[in-house]
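Peer 1: These protein sequence lines are chains A and B, in that order. Reminder that position 56 of the first sequence reads as 812 in this note's numbering, one-by-one numbering, no gaps. Reminder that position 239 of the second sequence reads as 995 in this note's numbering, one-by-one numbering, no gaps.
Number of protein chains: 2
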Amino acid sequence: MSLLVTGSIGVDTIETPVGRRDNVIGGSAVYFSYAASFFTPVRLVGAVGEDAPQELFKVFENRDVDLSGLEIRKGSKTFRWHGSYLRDMNEAETIQVDLNVLAENAPKIPEAFCDSRYLFLANTHPVLQQQMLRSIKQPKLVVADTMNLWIQTERKELIKLIGMIDGLVLNDGEARLLTEKKNLIQAAKEVLSYGTKFVVIKKGEHGALLVTDKDTFVLPAFPAENVVDPTGAGDSFAGGMMGYLSTQGHVTPATVKRALAYGTCVASFTISDFSLGGLQSTTREQIDQRWNDFKQAMSF
Amino acid sequence: MSLLVTGSIGVDTIETPVGRRDNVIGGSAVYFSYAASFFTPVRLVGAVGEDAPQELFKVFENRDVDLSGLEIRKGSKTFRWHGSYLRDMNEAETIQVDLNVLAENAPKIPEAFCDSRYLFLANTHPVLQQQMLRSIKQPKLVVADTMNLWIQTERKELIKLIGMIDGLVLNDGEARLLTEKKNLIQAAKEVLSYGTKFVVIKKGEHGALLVTDKDTFVLPAFPAENVVDPTGAGDSFAGGMMGYLSTQGHVTPATVKRALAYGTCVASFTISDFSLGGLQSTTREQIDQRWNDFKQAMSF
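#1: Against chain B, with Cβ distances strictly below 7 Å, would A:M1054 count as a contact?
#2: Looking at the strands, I want to know which residues DSSP matches up with B:T772.
#3: Could you tell me the boundaries of the beta strand (DSSP E) in which B:Q852 lies?
#4: When you compare the CB of A:R1046 with every CB in chain B, is at least one pair closer than 7 Å?
#5: Can you list, in chain order, the residues of the stretch 989-1006 of chain B whose Cβ is nearer than 8 Å to any Cβ on chain A?
#6: Run through chain B and tell me which residues come within less than 7 Å of A:P976, C-beta to C-beta.
#7: Three or more beta-carbon pairs under 8 Å between the stretch 844-851 of chain A and the stretch 760-771 of chain B, yes or no?
#8: Could you pull the start and end residues of the alpha helix (DSSP H) that A:L965 belongs to?
#9: Distance check for A:A943 and A:A931, CA to CA, integer angstroms please.
#10: For B:L875, which residues from the same chain have a beta carbon less than 6 Å from its beta carbon, with the 5 sequence-adjacent residues on both sides left out?
#11: Would you mind working out which of B:S832, B:V798, B:T796 and B:V801 sits nearest B:A808, comparing C-alpha positions?
#12: Which residues, taken in chain order from the stretch 1011-1027 of chain A, show a beta carbon closer than 8 Å to some beta carbon of chain B?
#13: Quick one: residues in its chain with C-beta nearer than 8 Å to the C-beta of A:N779, no 5 flanking neighbours on either side, listed in chain order?
#14: Check the Cβ of A:R981 against every Cβ in chain B and list those closer than 7 Å, keeping chain order.
#15: Pull the bridge partners of A:D822 from the DSSP assignment, please.
#16: Residue range of the beta strand (DSSP E) that B:G839 falls in?
#17: Starting from B:K1051, find everything on chain A with Cβ-Cβ shorter than 8 Å and list it in chain order.
#18: Can the beta-carbon of A:F1056 be found less than 7 Å from the beta-carbon of B:R1014?
#19: In chain B, which residues lie with their C-beta within 8 Å of the C-beta of A:K959?
#20: What residues of chain A sit near B:M845, judged by a beta carbon separation below 9 Å?
#21: Mapping the DSSP letters down to three states, classify B:N879 as helix, strand or coil.
#22: Measure the C-alpha to C-alpha separation of A:E806 and A:N856 and round it to an integer number of angstroms.
#23: Rounded to the nearest angstrom, what separates A:F869 and A:I921 at their Cα positions?
#24: How is the alpha helix (DSSP H) around B:D901 delimited, first residue to last?
#25: Keeping to the same chain, check which residues put their C-beta closer than 7 Å to that of B:Q887; ignore five residues upstream and five downstream.
#26: So, with DSSP's three-state summary, where would you put A:E936?
#27: Tell me which residues share the same chain as A:E811 and place their Cβ nearer than 6 Å to its Cβ, disregarding the 5 neighbours each side in the sequence.
#28: Would you mind stating whether A:G1034 and A:S1028 have Cβ atoms separated by less than 7 Å?
#29: B:F1030 lies in the alpha helix (DSSP H); which residues open and close that run?
#30: So, using beta-carbon positions, are A:A964 and A:L975 closer together than 7 Å?
#31: Have a look at A:S784, A:N982 and A:N927 and flag the residue whose alpha-carbon is nearest the alpha-carbon of A:G960.
#32: At the level of alpha carbons, what is the spacing between B:L858 and A:G996?
#33: If I follow the unbroken alpha helix (DSSP H) through A:N861, where does it start and stop?
#34: DSSP state of B:R829, grouped into three classes?
See below:
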């Protein structure tokens, strides 16, 4: 079923112990869309400046990603991020960030996209996330991501958003910052009390945690020996998760669990190369194979 | 089958965000023995000073733990450790340590214990670990633990020990220190190259990793909401693992995996109270129930 994502589209410069890449394609919506497109058609909504590199469009050439919601804004510049993992492969250090077009008005969701049933609101200002959510007529499943900046500056609006959605995806540091609880299960339960049905806490190389009011599901990361570039792992995880869920037609604890395992596997391909390289050299068959390997690697 | 453990027996003072306990029972061999005794009879070998508290003996009163290898050394003092988890529940900060009897000669393994088939060499000087290993006639499975101190000061002897044993259990920081590899899978493979058959890397609240030359098994920690005192979690993990394995009669990838899950569950009881309180208020039935819950909590 129709899956819509709104989020950032950017140009990244990345340094990791393996090497450095300048001006490569990145952004939460880009990783998400590519990852989800292994499972289902994707509608991408986002904005770039008139300096957007041509490679951005080439990346999606043979993918089932509808770019009619991709706005190329005249007089604006594309979002740029320069990050380093030289100190810690599990947490990026931002060396420079130029919000550019992300600091302007939110992109408009095309009328033709307003019937989308599955919606992923990648990290942006929670008021914009609320606006975009309201323009979708009958969503079946709405999941959002967020980041430290909004937790610190727009806490009230973020908590309001959380009460409007089905699931929140965030990383362990963000969960602790949002709830002021160190224990992640306690943190997740606090987030549930804001009115969402499930919380997924991403722990990077340590896996993920799903908490609902009835259930807790723990998942290690896929045991990856060669990590080249962790950028986009969380967005790919969300993309794999939402992509799989949107093919299932119903959202149950069982489908969400399987979806998390798919997200984990897709993310493990993302981190195996710089930028989108890991996803670009992967097939749905390889993802399914890894899903089975992963299930095996944690069964007892 | 007969399971022997050699390691420390001590008196701890512990500070955690939940509270503080002064002069409580602790030590690697104590946690290990209690945890393993849910599964199988245990032979404990260790030394204390003449100041050893009476509670130590009371702790094992109704457990199937043979204390005839527990040496009460005249003129010596018991090992004491004062640790704090106020900064980080996942890593103890040592406030004070008095090695006392641990800095003297190793305890002697009683003749009657030398037929033990399962042996766990809890953390001590690797030369002493080698000596104790040599006094066991026909061990079927030998697993050792170690710590930063020996990695830094007795690296050569430690690597020699690793070549003599079947499995090494160590935590993530130790694995990285020993191998100078940041990636834990790479670190585990490096340890395998020293001549052991399997490596278990404990990641505290993030679970554990088992690596053999054929297989990688990843396991999250049991999702615990209320952590009171993490002291002894790693030793309880090892105790549950070895306790279960020694009842199986054969060591296969499948039994080792199930054993790791048992270790995880036993450790989750340990951290629910100070000192041995969590283990003391637990039954084998509760451990089995948690094992099933844990299997459920990570199945998809």
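Note that the Cβ used here is the ideal one computed from N, Cα and C, for glycine as well.
Peer 2: In short, the structure shows the following:
#1: Stepping through the first sequence from its first residue, residue 1054 of chain A is reached at position 298. With 7 Å as the cut-off, A:M1054 counts as an interface residue toward chain B.
#2: Numbered from 1 along the second sequence, position 16 holds the residue referred to as residue 772 of chain B. B:T772 is bridged to B:G775.
#3: By one-based count along the second sequence, residue 852 of chain B stands at place 96. Counting along the chain, the beta strand (DSSP E) containing B:Q852 begins and ends at E849 to D854.
#4: Taking the first sequence and counting its residues from 1, one reaches residue 1046 of chain A at position 290. When Cβ-Cβ separations below 7 Å define contact, A:R1046 makes no contact with chain B.
#5: none
#6: Locating residue 976 of chain A in the first sequence gives position 220, counting from the first residue. Within chain B, the residues near A:P976 are G963, V974, L975 and P976.
#7: Counting Cβ pairs under 8 Å, fewer than three are found: no touch.
#8: Here the question's residue 965 of chain A lines up with position 209 in the first sequence. A:L965 -> not in any alpha helix (DSSP H); beta strand (DSSP E) instead, spanning A964 to T968.
#9: The residue you call residue 931 of chain A lines up with position 175 of the first sequence. The residue you call residue 943 of chain A lines up with position 187 of the first sequence. For A:A931 and A:A943, the distance between alpha carbons rounds to 6 Å.
#10: As a position in the second sequence, residue 875 of chain B is number 119, starting the count at 1. Excluding its 5 nearest sequence neighbours in each direction, B:L875 has C-beta neighbours in its own chain below 6 Å: L760, I892, P895 and V898, listed in chain order.
#11: To locate residue 808 of chain B, count along the second sequence from 1; it is residue 52. Out of B:S832, B:V798, B:T796 and B:V801, B:S832 has the C-alpha closest to the C-alpha of B:A808.
#12: Those would be K1013, R1014, L1016 and A1017, in chain order.
#13: Here the question's residue 779 of chain A lines up with position 23 in the first sequence. Result list for A:N779: V767, D768, T769 and P809, in chain order.
#14: Counting from one through the first sequence, the residue named residue 981 of chain A turns up at place 225. A small correction: the amino acid at residue 981 of chain A is Glu; Arg does not occupy that position in the sequence shown. By Cβ distance, chain B contributes N939, I941 and Q942.
#15: The residue you call residue 822 of chain A lines up with position 66 of the first sequence. A:R799.
#16: The residue labelled residue 839 of chain B in the question sits at position 83 within the second sequence. Its beta strand (DSSP E) spans residues F835 to S840.
#17: The sequence position of residue 1051 of chain B within the second sequence is 295, counting from 1. Residues of chain A passing the Cβ test: F1056.
#18: Here residue 1056 of chain A corresponds to residue number 300 of the first sequence, with the count starting at 1. Here residue 1014 of chain B corresponds to residue number 258 of the second sequence, with the count starting at 1. Contact: yes.
#19: Sequence index remark: in the first sequence, residue 959 of chain A carries index 203 (1-based). Result: H962.
#20: Numbered from its first residue, the second sequence carries residue 845 of chain B at position 89. Under the 9 Å cutoff, chain A gives K938 and N939.
#21: Position 123 of the second sequence, counted from the start, is the residue given in the question as residue 879 of chain B. Looking at B:N879 - three-state DSSP - the assignment turns out to be coil, as it is neither helix nor strand.
#22: For this step, residue 806 of chain A is matched to residue 50 along the first sequence. For this step, residue 856 of chain A is matched to residue 100 along the first sequence. Distance from the CA atom of A:E806 to the CA atom of A:N856, rounded to whole angstroms, is 11 Å.
#23: Taking the first residue of the first sequence as 1, we reach residue 869 of chain A at position 113. Taking the first residue of the first sequence as 1, we reach residue 921 of chain A at position 165. So the two alpha carbons sit approximately 18 Å from each other.
#24: Start at 1 with the first residue of the second sequence, and residue 901 of chain B comes out as number 145. Here B:D901 belongs to no alpha helix (DSSP H); instead the beta strand (DSSP E) covers L897 to D901.
#25: The count along the second sequence starts at 1 and reaches residue 887 of chain B at position 131. Around B:Q887: A862.
#26: Mapped onto the first sequence, residue 936 of chain A falls at position 180. Secondary structure at A:E936: coil, using DSSP grouped into helix, strand and coil.
#27: Stepping through the first sequence from its first residue, residue 811 of chain A is reached at position 55. Same-chain partners within the cutoff: I781.
#28: The count along the first sequence starts at 1 and reaches residue 1034 of chain A at position 278. The count along the first sequence starts at 1 and reaches residue 1028 of chain A at position 272. Yes; because the gap between Cβ atoms is below 7 Å, this pair is in contact.
#29: As a first step, residue 1030 of chain B is located in the second sequence; it is residue number 274 there, counting from the start. Neither: B:F1030 is in no alpha helix (DSSP H) and is coded neither H nor E.
#30: For this step, residue 964 of chain A is matched to residue 208 along the first sequence. For this step, residue 975 of chain A is matched to residue 219 along the first sequence. Against a cut-off of 7 Å, the Cβ pair of A:L975 and A:A964 comes out as a contact.
#31: Taking the first residue of the first sequence as 1, we reach residue 960 of chain A at position 204. When only C-alpha atoms are compared, the closest one is A:N927.
#32: In the second sequence, the residue the question calls residue 858 of chain B occupies position 102. In the first sequence, the residue the question calls residue 996 of chain A occupies position 240. Straight-line Cα distance between these residues: approximately 52 Å.
#33: By 1-based counting over the first sequence, the position of residue 861 of chain A is 105. Careful: A:N861 lies outside any alpha helix (DSSP H) and carries neither H nor E.
#34: For this step, residue 829 of chain B is matched to residue 73 along the second sequence. Note: B:R829 maps to strand in three-state DSSP.
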